[in-house]
């Protein structure tokens with residue numbers, strides 16, 4: 794079946810502009826995560842959605858970052874007034890929580906470059 | 316708080332030799348442990364996990380890992396390395412009710 798998809802694959806934006814990154818999780822997966830990966834570095838947790846529960850936003854680095862998940866499926870990560878330090882690969886992952894299988898399925902990522 | 320350490324930034328091994336990528340963790344209670352691999356210009360792929368049961372878990376591409384509770388370790392191993400195993404490897408931990416925490420990653424280079 795289809796995996797996690799993310800769009801766009803690449804985004805170049807000017808400093809100060811807003812950007813929206815989209816994630817389509819695997820159908821039926823109830824948990825969805827956003828991470829940020831700087832060049833060659835580890836994963837930085839941003840936000841986590843689980844079913845209808847309130848999202849865990851503890852990883853968002855500033856109030857310029859926000860995310861929503863509509864209908865328990867598609868998620869959008871929004872970065873307002875982008876800064877050069879926001880340049881990174883943004884990864885989305887989903888998990889079939891209900892089955893007790895906790896492994897995460899990752900999308901290919903969106904490479905964001907802020908000029 | 317949960318944390319994961321991968322003490323080696325880089326591991327080099329000759330093709331055909333055994334490989335080990337180290338991971339230690341800090342979490343209260345019983346951890347859920349994972350290994351992921353990231354090939355160049357590709358997303359992360361799940362390799363294997365330990366949730367409960369046998370301490371030795373086997374995963375994709377001939378990899379295995381051993382959960383050692385006393386040493387709080389979950390080292391990734393493969394008996395015979397392939398050049399195609401060259402990639403970035405991430406260890407991750409999750410404790411019940413909490414988020415996943417990823418280690419900083421270890422770059423594995425398998426030399427022909």
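Chains as they are written, first to last, in the working numbering: chain E, 794 to 908; chain B, 316 to 427.
Ideal Cβ placement from N, Cα and C applies to all residues, glycine included.
query: Taking the alpha carbon of residue 888 of chain E as the reference point, which residue from E:802, E:830, E:818, E:902 has its own alpha carbon closest?; result: E:818
query: Between the stretch 375-390 of chain B and the stretch 330-345 of chain B, do three or more beta carbon pairs fall short of 8 Å?; result: yes
query: Apart from the five residues on each side of it in sequence, which residues of its chain come closer than 6 Å, Cβ to Cβ, to residue 394 of chain B?; result: 333
query: Mind pulling the alpha helix (DSSP H) runs of 4 or more residues that sit fully within the stretch 806-849 of chain E?; result: none
query: Contact criterion: CB-CB distance below 9 Å. Does residue 354 of chain B meet it with respect to chain E?; result: no
query: Assess contact between the stretch 828-840 of chain E and the stretch 853-862 of chain E, defined as three or more Cβ pairs (one per stretch) separated by less than 8 Å. Is contact present?; result: yes
query: Just confirm the distance between the C-beta atoms of residue 885 of chain E and residue 797 of chain E, as a whole number of angstroms; I'd bet it's less than 8 Å.; result: 6 Å
query: Does the distance from the C-beta atom of residue 869 of chain E to that of residue 863 of chain E stay below 9 Å?; result: yes
query: If you measure from the beta carbon of residue 480 of chain B to each beta carbon in chain E, is any gap under 9 Å?; result: No answer is possible for residue 480 of chain B: the residues shown for chain B start at 316 and end at 427.
query: Span of the beta strand (DSSP E) holding residue 739 of chain E?; result: The requested residue 739 of chain E is not part of the displayed model; chain E covers only 794 to 908.
query: Name the two residues that bound the continuous beta strand (DSSP E) containing residue 428 of chain B.; result: Outside the displayed span of chain B (316 to 427) sits residue 428 of chain B, for which this structure offers no information.
query: Using the Cβ count rule (16 or more neighbours within 10 Å means buried), how would you classify residue 329 of chain B?; result: exposed
query: Thinking just about the alpha-carbon of each residue, which of B:357, B:377, B:382, B:356 is nearest to the one in residue 368 of chain B?; result: B:382
query: Can you tell me the Cβ-Cβ gap for residue 320 of chain B and residue 418 of chain B, rounded? I've got them flagged as a contact below 8 Å.; result: 6 Å
query: Could you say which of B:348, B:355, B:343, B:347 lies nearest to residue 400 of chain B if we only look at CA atoms?; result: B:355
query: Closer than 7 Å by beta-carbon distance: list the chain B residues that pair up with residue 902 of chain E, in chain order.; result: 358
query: Which residues in chain E sit within 9 Å of residue 347 of chain B, going by Cβ to Cβ distance?; result: 895
query: Using a C-beta cutoff of 9 Å, does residue 852 of chain E count as contacting chain B?; result: yes
query: Tell me which same chain residues have a C-beta within less than 6 Å of the C-beta of residue 318 of chain B, skipping the five on either side of it?; result: 341
query: Less than 7 Å between C-beta atoms, sequence neighbours within five positions excluded: which residues of the same chain meet that for residue 850 of chain E?; result: 840
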